[in-house]
Every structure is written in C-alpha cells, then in structure tokens.
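Numbering (the working numbering), first residue to last: 5 to 479.
Ideal placement from N, C-alpha and C gives every residue a C-beta, glycine not left out.
Report on the following structure.
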Ligand code: FAD
Ligand code: MLT
Ligand code: ZN
C-alpha cells in the first residue's frame, strides 16, 4: 500500500487532499513569500486520527508541517519545496468542547477560529482577550503555537498567558494529556510552556483549555494625533492612572501607514481634519457598566477629561473620541488594515521588533535614520503595539519597485535594523515567531547557550527531526 493510501486509511477521503489545485492554498503563506510542495494535505477530524497520522509518518520518516489558519507571518506553516513532507491541517478539529463560566475556562479543539472563541466567550458573558487582525481566519492552535500577541497584550498578556492546559500529539504519535484547568501546578518541569510558541517544531497541539475574563461593560476608543513617539509613550504612561488601570490597547501609527490604508482599503476615512506625523489609537475597557446608560462617570467621560489635560501640555495635538460602536470600529479599521494595505502596495520587509517601552522614541529616531541611510528611496512604515514596546518597524519598498528589484536590498536593511534592536537589548521577533524567515537571524543574534539549549530540547523531543524541520532552529 502506498504512503498516501495508508493516510487515506486513517483519515478517509474527507480528510485527504492530493490534487494540486486543492493543495495550493496550503502550500503558500499569507505574505506569499514561499510556495512549497507536499505529498498530501491531511485533515484529521480527531486527536486519535492526528496521533495515527504522526505514528505513520514517524515509521516512514516523513516530516510533518502542522498548519492552522495559515495566517502566520514567518512562513512556519508552509512546507519546503522538496515535496517530501505532509501538511497536517487542524481546521476540521473545530469544536468548542466546554465552557465553564464559573471557572472562567473554555475547552476547545486546536482548529477553532479565534473569532468563534471570542464570540462563544461573549455569549457566556465572558471575554477571551486575544485579538488580532487575522482573528476571522487564524486558529487557536496557531495562536498558541506562535504565542501570538495582538492588540490587548498590555492588559491581558500574550497567548502564553491565556491558556491553562494543553493536549499535544508528540513526534512519536503518543498523546500527552495536559488538559488540566489548574491555575497552580508546580509538579516538575512545565511541559505546557514548551509547546507554546514552539511553532509546531516539538509536537502538534490538538486541544487547549483557555482562560476567560469578565466581559467589559464599558469602552472608550480615542484617536489622537501626537507630535512624536515620545509624546505617545508619555500619553500612555499617564493613561494607566487616568483610566484607573483600564487601558486595554495602545497602538502607534505613522502618517505613511494611514495614507496606505486610505488608498487601498475602501470605506476608510481620516478621522481628523489635518494631517499629522503620528497617531495613537487607545482603547479603555472596564467591567463596570455605565450608570443608567449615561455618560456620567463613564470611561468616555474620563478619557475626554484626560485628553483635554494632555492637549494643554502639548502631548496631543488633536483627538477624536468614538461616540458609537460604529465609530470605534472605523478607528480600529484604520489600524487593523495596515498589513492588508501594505501587501496591496507592494513588497515590504516586516520587522516585528520589541524594546523597552521607554526606549521606543530613541529607537524610532535611530531606526528611521538607519533605514533611510541604507536605502534612501525606501518608505519606512512603523506601526504597532507601542504599549508592549512592540513595533512593526516595516520597510515598504520604494514606490513602483517589484520584488526582484527590492530583494537585493533586504539583507543590508535587515542587518541595520536588527543590529540596532540588539543594541537596545530588544527582540528581533516579538510576536510573529521565527518560522522559516528568521532562522538565520535567530542563529546569529541569540547566544550559544540559548541556541545549544534549544537544539538539545529539539533533539530530545523530536529525535527523528520530523516535526516541522528547518523551522525555528536547524539541528
Ligand atoms: P498558521 O499560520 O497556520 O501556523 C503558524 C505556526 O504555528 C506554524 O509554524 C505552524 O506549523 C504552527 N501551528 C499551527 N497550528 C498548530 C498546531 N495546532 N500545533 C502545532 N503547531 C501549529 N500575529 C500576532 O501575534 N499579532 C498580531 O497582531 C497579528 N496580526 C496579524 C494581522 C494580519 C492581517 C495577519 C494576516 C496576521 C497577523 N498575525 C499577528 C500573524 C498570525 O495571525 C498569527 O501568527 C496567528 O497566531 C497564526 O495562527 P494560524 O492559525 O493562522 O497559524
Ligand atoms: C499587526 O499587528 O497588524 C501585524 O502583526 C503586523 C504586520 O503585519 O506586520
Ligand atoms: Zn502585530
């Protein structure tokens, strides 16, 4: 029996894709940086099927590329070009298994789309706070495997902080049942933490118990033009106290990004009359409901008063506060469509960097200068999660340039930015992971002790190197 027939024996025709045109969407990444090849795309419906597929692959030494919604930014879910791997897609494992509102927990299969989880939590008067632009198509398995960040990390933490327990299929096909809904569990090494952020290189996450939070009952969203990144971090710093610790998002954008969104995304509009160099989108949320549905004592009232104060000090030049949910969504659309607009504009380099929040202003000044020094015609596109010290310090190719013309410049620009980040004690991958695109950078910028320890772990847990080989770290 051929390998593909053995796969069919496990998952049936419904769980197997072998023809080229149906396989294609699973073989390329969202950014279209890679186009791989695979023996088959396998879509198991249960953990037992995943385990049987992995056992077969282990016996036949066929490598596996786990995949969720395929929205990853680092190419981790795309197979290599050689065509000797399978893609194992979790998208048929899409059931919410249990919601425990009393215990603030939800048990899900790995292929559930993030937005479905958010909605299910909301229906139970709870919040699952992970929130990012791809939430309508990314899966929780992918979110946990990349330790995704998003726009509410400054208040709730990243994906690692939002999970209690995991079920994982190991590289030999055994099932590790770590589905424990425990807030406290100091029994030996934390295996769960190993698989979070491992980008599918150590095992396949098949189920998770997620943490829930109380659902906010009051929100306020503001859009502020600020004179500089320094003003942005000072605005945020004061907002923590002014909001009574209710800042749930703080995103920085430059004018270049707003112009791209307005050009490429239909239905978007500039909320302020004049153009400014920098903008901050802030969201405050509280579980305390507004009294009698009025504005009195509401977050919006507090935000108005705070923005009034900081305008007098010159930290904010102009501002708009959303009066309705629709207005809030329009402000968020300007932020969330940065990636889509940049993709439509043409090639770019994504720098998903982080430094200490207070070092953001100096980093931005030096980073912009370094980019321009390296390629004067390039268009810097800095935006992102300033409240986490995490900027997408992206570099859009000069207007009209295609990939072939831009690619020879990528290495030099990247080295300039990464050297600067490391000089600031920062990270070269704050939330998107290493995947395939930053394997060499990880090897270059992390120290020997860390790299040796990572390789030791990988070799011990996946001795045949069949779990997403060539991603994160070469062994
Ligand atoms: P995939 O892309 O399918 O896979 C990602 C990695 O995880 C791969 O290495 C894959 O092998 C592995 N993997 C997937 N599922 C499993 C599993 N069940 N078990 C083991 N390994 C698995 N990311 C952020 O962090 N913050 C953002 O703000 C953000 N915004 C985005 C906005 C847009 C418009 C887009 C397109 C992407 C954005 N991303 C962001 C990146 C991306 O959405 C996240 O990385 C997301 O967590 C990936 O989930 P996925 O299901 O699409 O995973
Ligand atoms: C986002 O925050 O919108 C994405 O993570 C950034 C990106 O596409 O670079
Ligand atoms: Zn981001």
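Return the CA-CA distance between residue 21 and residue 53, expressed in angstroms with no decimal places.
15 angstroms
Hey, how far is the Cα of residue 143 from the Cα of residue 114?
7 angstroms
Quick check on the burial criterion: 16 or more other C-beta atoms within 10 angstroms. Buried or exposed for residue 140?
exposed
Beta-carbon distances below 5 angstroms to any heavy atom of the ligand MLT define the shell here; list its residues in chain order, please.
137, 343, 354, 396
Are the region 428-436 and the region 341-358 in contact at 8 angstroms, needing three or more beta carbon pairs?
yes
For a test of your reading of the model: does the CB of residue 394 fall under 8 angstroms from any non-hydrogen atom of the ligand ZN? Yes or no.
yes
For the ligand FAD, is there any heavy atom lying closer than 8 angstroms to the beta carbon of residue 254?
no
9 angstroms Cβ cutoff met for residue 36 and residue 472
no
Starting from the Cα of residue 163, find the closest Cα among 145, 180, 176 and give me that residue.
145
Suppose you measure from the CA of residue 178 to the CA of residue 391; what does that come to, to the nearest Å?
40 angstroms
DSSP state of residue 342, grouped into three classes?
helix
Hey, residue 289 and residue 220: beta-carbon distance below 9 angstroms or not?
yes
Is any heavy atom in the ligand ZN found nearer than 8 angstroms to the beta carbon of residue 287?
no
Sort out for me which residues DSSP pairs residue 394 with in a bridge.
358, 389
Apply the 10 Å Cβ neighbour rule to residue 43 and answer buried if 16 or more other Cβ atoms are within range, or exposed otherwise.
buried
Under the criterion of a Cβ to heavy atom distance below 8 angstroms, does residue 33 qualify as lining the ligand ZN?
no
Beta carbon of residue 286 nearer than 9 angstroms to that of residue 253
yes
Inter-residue Cα distance where the pair is residue 316 and residue 160
31 angstroms
Coil, strand or helix - residue 112 by DSSP
strand
In three-state terms, what does DSSP make of residue 61?
helix
Compute the Euclidean distance between the alpha carbons of residue 446 and residue 477, then round it to the nearest angstrom.
8 angstroms
Whole-number beta carbon distance between residue 157 and residue 2, since they are thought to touch under 8 angstroms
For the chain, the structure presents residues 5 to 479; residue 2 sits outside this window and is missing.
Would you mind listing the beta strand (DSSP E) stretches within the region 205-245 that are 3+ residues and don't spill past its ends, in chain order?
208-215, 222-230
Does residue 336 come out as helix, strand or coil in the three-state DSSP assignment?
helix
Using CA atoms only, rank isn't needed, just tell me which of 426, 264, 403, 375 is closest to residue 415.
375
Is there at least one non-hydrogen atom of the ligand FAD closer than 8 angstroms to the beta-carbon of residue 543?
Only positions 5 to 479 of the chain appear in the structure, and residue 543 is not among them; the question remains open.
Backbone secondary structure at residue 381 - three-state DSSP
coil
Work out the CA separation of residue 261 and residue 38 for me, nearest whole Å.
25 angstroms
On the DSSP bridge list, what partners appear for residue 257?
283, 387
Which same chain residues, not among the five before or five after residue 32, have their C-beta less than 8 angstroms away from its C-beta?
38, 39, 40, 82
Three-state secondary structure (DSSP) of residue 70
strand
Does residue 418 come out as helix, strand or coil in the three-state DSSP assignment?
helix
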